[in-house]
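Peer 1: Anchor point for the sequence shown: position 293 equals 293 in this note's numbering, and the numbering is continuous, going up by one each time. Where a beta carbon is used, it is the ideal one built from N, C-alpha and C, also for glycine.
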Amino acid sequence: MDTLAYALPLVWAAILAVAVTLYVILDGFGLGLGILFHLERREEQRDVIMNTIAPFWDGNQTWLVLGGGGLLAAFPKAYSVVMSGLYIPIIVMLLALVFRGVAFEFRWVAKPKQEFWDLAFSWGALVATFAQGVVLGGLLQGLSVDGDRYSGGTFDWLTPFALFCGVSLVAGYALLGTTWLIYKTDGDLQDWARNTAKIVLPLMLLATAIISIWTPYSVPRIADRWFSWPNIILLAPVPLLTLYAAYRCWHGIENIGRDAEPFVAAVALFLLGFVGLLISNVPYLVPGAMTVWEAAAAPSSQLFMLIGTLLLLPIILGYTIFVYWTFRGKVRAGEGYH
């Protein structure tokens with residue numbers, strides 16, 4: 001294997017990892033706010049919840065497009081397998097995101113009869129989150145591959161493990177949503193967010209612990225990666241840092257005045273979870289079935305697309321930073337961008 005054919009798939013895998021991570025974090029708290037709509041019934045507070053994410057939500061979708069488009073362009077074999085094996089939850093996720101997105105635009109013009117769009121926003125977020133978790137669970141448990149093609153059934157993804165991953169991600173995104181509200185609001189809504197965060201943080205940690213045990217138990221390859229010697233010592237900082245991030249998150253929730261700490265700690269929890277997934281599955285792109293090199297497109301194609309991507313990435317990152325900086329600060333009743 002020549003140097004270019006070896007290096008380019010790694011570069012593209014890193015780009016996809018960054019895109020997926022940024023999408024999960026940036027759109028994660030947006031979806032979490034939709035999930036919280038099921039719990040917050042006060043109309044004025046619902047307006048504030050939507051206004052905290054209104055300037056950002058559409059730009060956050062860019063990372064989902066980059067992740068999906070990059071997978072198709074750089075790793076077409078993996079794209080084919082993943083779409084064939086997980087077609088139903090992926091389509092459900094996309095349709096739910098459509099309803100959630102349309103609700104942002106239509107809810108304000110429909111007032112005072114916006115109940116349908118409240119439901120579209122909240123249920124769209126809940127269903128999209130659950131579907132994303134199912135996709136993750138379906139990948140982790142493995143897809144049946146024969147050569148370069150998916151060889152399993154239509155509903156192979158429908159397992160207790162995948163469904164539990166869906167429920168777990170709902171708890172995780174709800175934590176991102178509550179900590180975002182702590183950071184972006186004050187008064188009664190912030191107090192409500194703190195109380196809600198005290199419920200969803202333990203739920204997320206419990207779900208993370210169950211998945212961390214369930215995954216190596218059901219996938220021997222992952223068990224060998226984490227529990228063989230000396231990996232068990234070398235990788236110990238990941239769960240230890242996770243416990244510390246959870247402590248910092250709880251500390252920020254409990255202490256008024258430390259509004260940014262819970263959200264930063266919640267983001268750290270997700271980043272550490274992503275690190276754990278990378279450790280468990282590197283160098284596989286389709287876990288247990290297809291490595292980044294086996295799934296890669298021709299080096300000439302990857303190189304051509306990489307040039308355009310490297311030109312666009314600074315623009316996307318710059319726009320994202322600019323928007324978050326422009327709309328920094330607290331959001332209060334009667335204020336917002338929509």
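What span of residues does the beta strand (DSSP E) with LEU285 cover, start to end?
Peer 2: 284 to 286
Peer 1: Starting from ARG258, follow the alpha helix (DSSP H) in both directions and report where the run begins and ends.
Peer 2: Where ARG258 is concerned, there is no enclosing alpha helix (DSSP H), given that its DSSP letter is neither H nor E.
Peer 1: Measure how close the beta-carbons of ALA128 and LEU278 come, nearest whole angstrom, since I'm counting them as under 8 Å.
Peer 2: Actually they do not touch by this definition, with Cβ atoms about 24 Å apart.
Peer 1: Looking at C-alpha atoms only, which residue of ARG328, ALA296, ARG221 and ALA207 is the closest neighbour of LEU269?
Peer 2: Among ARG328, ALA296, ARG221 and ALA207, the Cα nearest to that of LEU269 belongs to ALA207.
Peer 1: Could you say if the region 30 to 45 and the region 104 to 124 meet the contact criterion of at least three C-beta pairs nearer than 8 Å?
Peer 2: yes
Peer 1: Can you check DSSP and say which residues form a bridge with MET50?
Peer 2: BP columns for MET50 are empty, so no partner.
Peer 1: Please state whether DSSP places ASP146 in a helix, a strand or coil.
Peer 2: strand
Peer 1: Do MET305 and ALA162 come within 7 Å of each other at the CB atom, strictly closer than that value?
Peer 2: No.
Peer 1: Where does THR159 fall in DSSP's three states?
Peer 2: THR159 falls in the coil class under three-state DSSP.
Peer 1: Span of the alpha helix (DSSP H) holding ALA209?
Peer 2: 187 to 218
Peer 1: Rank VAL167, LEU8 and TRP63 by C-alpha distance to the C-alpha of ALA297 and give the top, closest one.
Peer 2: LEU8
Peer 1: Taking the alpha-carbon positions, what's the ILE307 to LEU97 distance?
Peer 2: 30 Å
Peer 1: What are the residues that DSSP puts in a beta bridge with THR291?
Peer 2: Under DSSP, THR291 shares a beta bridge with TYR284.
Peer 1: Quick check on the burial criterion: 16 or more other C-beta atoms within 10 angstroms. Buried or exposed for ALA245?
Peer 2: buried
Peer 1: Quick one: give me the first and last residue of the alpha helix (DSSP H) that ALA131 is part of.
Peer 2: 115 to 141
Peer 1: Would you check if the region 282 to 301 and the region 46 to 63 touch, i.e. whether three or more CB-CB distances between them fall below 8 Å?
Peer 2: Contact fails: fewer than three Cβ-Cβ distances are below 8 Å.
Peer 1: Out of curiosity, what's the CA-to-CA distance linking MET93 and ASP146?
Peer 2: 27 Å
Peer 1: When DSSP labels each residue in this structure, what does LYS111 get in the three-state scheme?
Peer 2: coil
Peer 1: Below 8 Å on the Cβ atoms is my guess for GLN132 versus LEU169; work out the distance and round it to an integer in Å.
Peer 2: 6 Å
Peer 1: Would you call LYS184 buried or exposed, if buried means 16 or more other Cβ atoms sit within 10 Å of its Cβ?
Peer 2: So LYS184 counts as buried.
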